[in-house]
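One structure is given here, and the rest of the page talks about it.
Numbering (UniProt numbering), first residue to last: 1 to 229.
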């Protein structure tokens, strides 16, 4: 008897493939031109659809933007925050630093995050709930990561994991704003590494190569999973 064929991944429906194509087009255009300079008609044309065809899948530009951000976050979360919190914590911290380096090569999306996260402090903003949940999950998951790192260090480090997680997120956001204003004056990865070294968490170099960081394949998309920066 021949061995059974391995189960193949389920095929995506036509609607799923169309939504993915729209998100790809929106990501490319938002990154290149920013949120306000891009219209739904621009995105539809880039995706090879009519305006009405795009509206069949997304009710408006704000909803589309939230999905673009969520998908980008989900791809990072698949590497940084396994659902069971497994994996070597030092390796996961290295992946976080790698994401910081990657962000220096995606100024369009970094700029969108910086601008929208500030605008979304208004409870009436369409992305308010998204960013509230994003930062809540980032704080929680990064706290768990630092708790493991501090406990497993020899000798154990005395820092408060929750405070360090909040400080690191603030550092990363502040660096991104400074980098957007004056890229040549700010090395985001070096600054994050320096902060971690001061905590006693020195890491080996992980230079940006333009290739995906080692580890699990990124998730195909989804909402609500936070990335790292």
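Every residue, glycine too, gets a C-beta built ideally from N, C-alpha and C.
Would you grab the beta carbon distance between residue i and residue j for me? Rounded to a whole angstrom, and I think it's under 8 Å.
i: residue 176; j: residue 101; result: Contact doesn't hold; Cβ gap of about 12 Å is too wide.
i: residue 21; j: residue 47; result: 5 Å
i: residue 156; j: residue 147; result: 11 Å between Cβ atoms; not a contact.
Helix, strand or coil for residue i, going by three-state DSSP, please let me know.
i: residue 108; result: helix
i: residue 27; result: helix
i: residue 5; result: Any answer about residue 5 is weak, because its pLDDT of 47 lies below 50 and its placement is not dependable; what the coordinates show is given next. Residue state, collapsed to three classes: coil.
i: residue 227; result: With a pLDDT of 44 at residue 227, under the threshold of 50, the modelled position of that residue is not reliable, and no figure is offered here.
i: residue 124; result: coil
i: residue 50; result: coil
i: residue 38; result: coil
i: residue 57; result: helix
i: residue 65; result: helix
i: residue 157; result: coil
i: residue 17; result: helix
For residue i, report the span of its alpha helix (DSSP H) as first-last.
i: residue 11; result: Where residue 11 is concerned, there is no enclosing alpha helix (DSSP H), given that its DSSP letter is neither H nor E.
i: residue 146; result: 128-152
i: residue 90; result: 89-103
Given a cut-off of 8 Å on the beta-carbon distance, is the pair residue i and residue j in contact?
i: residue 203; j: residue 93; result: yes
i: residue 108; j: residue 39; result: no
i: residue 165; j: residue 139; result: yes
i: residue 142; j: residue 168; result: yes
i: residue 55; j: residue 43; result: no
i: residue 97; j: residue 17; result: no
i: residue 66; j: residue 130; result: yes
i: residue 89; j: residue 137; result: no
i: residue 26; j: residue 69; result: no
i: residue 23; j: residue 71; result: yes
i: residue 57; j: residue 41; result: no
i: residue 134; j: residue 173; result: no
i: residue 111; j: residue 34; result: yes
i: residue 200; j: residue 153; result: yes
i: residue 62; j: residue 127; result: yes
Which full runs of the beta strand (DSSP E) of 3+ residues lie inside the segment 162-210, going along the chain? Secondary structure remark: continuous beta strand (DSSP E) runs of at least 3 residues inside the segment 162-210: none found.
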